[in-house]
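Residues in the sequence shown are numbered consecutively from 13, following my numbering.
Ideal placement from N, C-alpha and C gives every residue a C-beta, glycine not left out.
All figures in this text were calculated on a predicted structure; none of them were measured in a lab.
In what follows, a single structure is set out as structure tokens and then discussed.
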Amino acid sequence: MKSYFDLCKLVFDRVFHRIGRIVLKAFRLGQLILAITLVFTVQNLGAQPESFQEYQVKAVFLYNLTNFISWPEGTFENQNDPLKICIIGEDPFGAFLDKVIHNETINGRRIVVNRLTDNDTFCSCHILFINSTMNEELSQILQRIKECSVLTVSDVHEFTQLGGMINLVRKGKRVRIEVNVDSARRAGLTISAKLLKLAEIIKDKRVMKGD
């Protein structure tokens with residue numbers, strides 16, 4: 013329980029000003045623990061389906077990964093290049109992810125969201141969220157970007173065991189993070205020790221061709 017609270021606070025410190033306006037306008041700082049519980053727990057609130065609440069939580073996690081990942085030198089041509097969060101497959105976040113990143117920057121760099129098709133070039137992305145609708149194409153997608161410095165994220169079953177880097181796993185009414193450090197390292201990415209301390213570290217279940 014302690015590690016889960018630490019993870020919630022770590023993420024919440026980064027986005028309180030953003031999510032506070034979107035989801036938690038009525039909460040004050042003295043109610044921080046209750047607010048964290050609400051944001052990072054999947055609930056049936058109002059008329060919205062449970063799956064939508066789950067992906068609101070995952071959208072917040074996805075945005076916050078930009079604060080805990082370091083890309084190799086030369087990834088960006090200049091300071092004006094945006095950090096691109098890409099989505100392949102059906103978009104489960106809707107407009108919520110766009111609201112989360114609106115006017116946000118990371119190290120002075122704009123953050124943008126791109127919705128891709130299977131014909132697009134994945135290597136132009138910095139974070140690639142692979143929706144479960146692409147489950148049959150998962151191995152092919154990971155193979156296509158294995159030489160690129162792209163952080164792969166999904167919520168597909170055993171994603172990290174199959175070579176993906178970060179899996180947003182729903183356990184009960186909470187979303188937890190699994191990380192394949194070796195896969196990220198092979199792509200030249202560095203994951204913050206703060207995030208690793210709170211995540212479950214997963215090893216490859218199988219080695220990708222060419223490794």
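Look at K96 here: in three-state DSSP terms it is strand. The three-state reading of DSSP puts N79 in helix, counting H, G and I together. Taking the Cα of L210 as reference, the smallest distance to any Cα among I189, R182 and T129 is reached at I189.
In the DSSP assignment, K206 falls within the unbroken alpha helix (DSSP H) covering A205 to L210.
CA-CA distance, E170 to E89, rounds to 34 Å. Leaving aside the five residues that flank T145 on each side, the residues in its chain whose CB is nearer than 6 Å to its CB run, in chain order, G101 and E102. Residue range A107 to I113 is occupied by the alpha helix (DSSP H) that includes K111, with no beta strand (DSSP E) assigned at that position. In the DSSP annotation of this structure, L201 is not part of any beta strand (DSSP E), being labelled neither H nor E. M177 sits close to S195, with the two beta carbons spaced by under 8 Å.
Taking the CA atoms as reference points, N131 sits about 24 Å from Y75. Judged by their CB atoms, V165 and L180 are nearer to each other than the 8 Å cut-off. Distance check between L174 and each of E212, V112, G106 and N192 places N192 closest, using alpha-carbon atoms only. DSSP places T87 outside both helix and strand once states are collapsed to three, so it counts as coil. The C-alpha of F73 lies about 15 Å from the C-alpha of K185. In this structure, C135 and C160 form a Cβ contact; the two beta carbons are roughly 4 Å apart against a cut-off of 8 Å. The three-state reading of DSSP puts T117 in strand, counting E and B together. In the same chain as L207, and ignoring 5 residues on each side of it, the C-beta atoms closer than 6 Å to its own belong to F80, in chain order. The three-state reading of DSSP puts I153 in helix, counting H, G and I together.
Rounded to whole angstroms, the separation of the alpha carbons of I118 and A71 is 16 Å. By the criterion of a C-beta distance shorter than 6 Å, E212 is surrounded in its chain by E190, once the five residues flanking it on both sides are discounted.
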